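Participant:
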Amino acid sequence: MDIAVIGTGYVGLVTGACLAEVGNRVTCIDIDEEKVATLKQGISPIYEAGLEELLRENISRSRLDFTTDYEEGLAGKDIVYIAVGTPQNDDGSADLTAVEAVCRSLSRHLTQDVIIVTKSTVPVGTNEYIKALIEEDLEGDVTINIASNPEFLRQGSAVHDTFNGDRIVIGADSPEVLDVLETVNEGFGLPIVRTNLRSAEMIKYASNAFLATKISFINEMANLSERIGANIDDVSRGMGMDRRIGEAFLNAGIGYGGSCFPKDTRAIISVAREASYDMQILENVVDSNERQRGIIVDKVMDRFQSIKGKKVAVLGLAFKPNTDDVREAPSISVIEKLLGEGAEVHTFDPAAMENARKVLPEGVHYTDSIEAAVKNAEIAIILTEWKEIKEFPIEKYEALMANPVVFDGRNCFTLEEVAGTGVEYHSIGRPSIGN
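In the working numbering, the protein residues as written are 564 to 998.
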């Protein structure tokens, strides 16, 4: 089919490239001229495994193109995907400014009947609002149908997830529209869930809220385990073997971050508030996650009382491995607190250094390797479980650091690996070693 995807951020770009990969003719529309020029060369502006290869392959096959011109991008299209950002407002609700701007542009430029598919994560009821907004100023005899097709992609493995996910959710109030979208998505070979518009919108929020809850739950268990002499690794393993619970998202750490879980949990709380319903569980999940982010600095301060003038190596800036995204990353608040205590902060991340520079305070030192970051440091703090960091031998901390004290916010090392070395090691939900 002929498809347009509006927005070339993380969701839009992956969506466009993968739809082209399964045989559709896709034009991605974005108002950023510099980004579009770069994309036309097959260069991805985001760090995502396998994405650049898909871009180049499908551009060369003439199945994928990019433009800033709505008229050109929409011409002859059967389906139009909306995949622009919906960041949170100060009150936690979703900011639909970009979605509304897209709707106004669609009103001006649509000249044929189309199906409008929302990929952006939007509050329940938004798709009906989108339809009304487009039709309000729509010119000519054009019929639009609205559908919801939420994404369930993990940053860092989004291309893989598109072809290997658990399900595809499509929502519409017309069986004929659902039939068309089912045909479009058959190429991915995944189970397809057909539902109405509002249920599709709700599935997205409910899924992310549940996973956020699972993370906060295991972190609470980890904090308790430390206090009563249990080991959260054993607790998680024992829980995860129960098929009703499952092992995914039971890794204790310093909390979730990124562009989805923090935003979506707050957004669904906002939706509930508008519906006069108090979602106490999710409000506690958000509060718990905020507390968890500060736990690693609390551990440092309990151990040292003062870190003024001490060199602290912070390893990992992205909110998770295999991405350069630092949105809502725990590293930001941790580094701000360390600087506030007078520490000299040296950082390393394999991919997120440039994005981190844009949001971190002045005074942070950026290094090009783990070795450079930890050399002569008195404290090392692990905040992202990158493969490079997990595989960095624990003995090297002892060899390189002035005082080998490691605070592992992601439990990258087993206690057995650390035992017998000269490293003092503090992690989450497990006994400390060497203290």
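Note that the Cβ used here is the ideal one computed from N, Cα and C, for glycine as well. Source: prediction; values computed, not measured.
Whose C-beta lies closer than 6 Å to the C-beta of A721 among residues of the same chain, with five residues either side of it excluded?
Facilitator: Cβ-Cβ distances below 6 Å link A721 to V577, E611 in the same chain, with the five nearest sequence neighbours on each side left out; the list follows chain order.
Participant: At which residues does the alpha helix (DSSP H) containing Y610 begin and terminate?
Facilitator: Where Y610 is concerned, there is no enclosing alpha helix (DSSP H), because DSSP gives it neither an H nor an E.
Participant: Let me confirm a value: M964 is counted as buried when at least 16 other C-beta atoms fall within 10 Å, else exposed. Which label applies?
Facilitator: buried
Participant: Out of N621, D565, F629, which has the shortest C-alpha to C-alpha gap to G572?
Facilitator: F629
Participant: Can you tell me whether Q868 is buried or exposed, with buried defined as 16 or more other CB within 10 angstroms of its CB?
Facilitator: Q868 should be labelled exposed.
Participant: When you compare only the Cα positions, how much space is there between F812 and L673?
Facilitator: 43 Å
Participant: Of all Cβ atoms in chain D, is any one closer than 8 Å to the Cβ of N918?
Facilitator: Structure shown: chain D not included; a single protein chain is present.
Participant: Between I733 and the rest of its own chain, which residues show a CB-CB distance below 8 Å, the 5 nearest in sequence each way excluded?
Facilitator: A710, S711, N712, L741, L744, E745, N748, I755, V756, R757, T758, A763
Participant: Following the continuous alpha helix (DSSP H) through C581, name the residue where it begins and the one where it ends.
Facilitator: 573 to 584
Participant: In whole angstroms, what is the alpha-carbon distance linking D595 and D971?
Facilitator: Their backbone Cα atoms lie some 40 Å apart in a straight line.
Participant: Quick check: the stretch 898 to 911 against the stretch 830 to 843, are there 3 or more CB pairs under 8 Å?
Facilitator: With fewer than three CB-CB distances shorter than 8 Å, the stretch 898 to 911 does not count as touching the stretch 830 to 843.
Participant: Would V897 pass as a contact of V877 if the rule is Cβ separation under 8 Å?
Facilitator: yes
Participant: Measure the alpha-carbon distance for V969 versus I996 and round it to whole angstroms.
Facilitator: 10 Å
Participant: Can you find at least 3 beta carbon pairs, one from the stretch 814 to 823 and one from the stretch 882 to 890, that sit closer than 8 Å?
Facilitator: yes
Participant: Pick helix, strand or coil for A793, following the three-state DSSP scheme.
Facilitator: coil
Participant: Identify which residue in D641, V585, Y633, D658 has its Cα closest to the Cα of V834.
Facilitator: D658
Participant: On the criterion of 16 or more Cβ atoms from any shown chain inside 10 Å, does T706 qualify as buried, or is it exposed?
Facilitator: exposed
Participant: Of the choices A943, E941, D912, whose alpha-carbon is the least far from that of Y1003?
Facilitator: The chain is shown only over 564 to 998; residue 1003 falls outside these bounds and no answer can be derived.
Participant: Pull up the distance between the alpha-carbon of T509 and that of E699, whole angstroms please.
Facilitator: No statement about residue 509 is possible, as the shown extent of the chain runs from 564 to 998 and does not include it.
Participant: When burial is assigned at 16 or more other CB atoms within 10 Å of the CB, is P956 buried or exposed?
Facilitator: Its Cβ having fewer than 16 others within 10 Å, P956 is exposed.
Participant: For my contact list, T947 and K862 are in at a C-beta cut-off of 8 Å; report their separation, rounded to the angstrom.
Facilitator: Wrong, their Cβ atoms sit about 17 Å apart, outside the cutoff.
Participant: Under 8 Å between the Cβ atoms of M564 and I642?
Facilitator: yes
Participant: From the DSSP output, which residues share a beta bridge with G734?
Facilitator: Bridge partners of G734 according to DSSP: S711, T758.
Participant: Closer than 6 Å by C-beta to I870: which residues in its own chain qualify, once you throw out the five before and the five after it? Chain order, please.
Facilitator: E904, A906
Participant: Assuming A881 and A914 form a contact by the criterion Cβ under 8 Å, report the distance between their Cβ atoms to the nearest whole angstrom.
Facilitator: 6 Å
Participant: From the DSSP output, read off the bridge partner residues of T630.
Facilitator: Looking at the DSSP output, T630 shares a beta bridge with I592.
Participant: Which residue comes first and which comes last in the alpha helix (DSSP H) that contains F867?
Facilitator: 858 to 867
Participant: Measure the C-alpha to C-alpha separation of K959 and P608 and round it to an integer number of angstroms.
Facilitator: 34 Å
Participant: Which whole runs of the alpha helix (DSSP H) in the stretch 658 to 730 are 4 residues long or more, in chain order?
Facilitator: Whole alpha helix (DSSP H) segments, 4+ residues: 660 to 672, 689 to 699, 721 to 727.
Participant: Could you tell me the distance, in whole angstroms, from the CA atom of K950 to the CA atom of I942?
Facilitator: When only Cα atoms are considered, K950 and I942 end up about 21 Å apart.
Participant: Report the start-end ranges of each beta strand (DSSP E) in the stretch 825 to 856 that is 3 residues or longer and not cut off at the edges.
Facilitator: Scanning the stretch 825 to 856 from its first residue to its last, no whole beta strand (DSSP E) run of 3-plus residues comes out.
Participant: In its own chain, which residues sit with a C-beta less than 6 Å from the C-beta of L627, not counting the 5 before and 5 after it?
Facilitator: Correct list, in chain order: A583, V589, N621.
Participant: Apart from the five residues just before and just after R730, which ones in its own chain have a Cβ nearer than 8 Å to its Cβ?
Facilitator: F715, L753, P754, I755, V756
Participant: To the nearest angstrom, how far is the alpha carbon of H989 from that of T886?
Facilitator: 26 Å
Participant: Would you tell me roughly how many angstroms separate the C-alpha atoms of A646 and N794, rounded to the nearest one?
Facilitator: 42 Å
Participant: Comparing alpha-carbon positions, which option in E616, E846, I945, R806 lies nearest S894?
Facilitator: Here the closest residue by C-alpha is I945.
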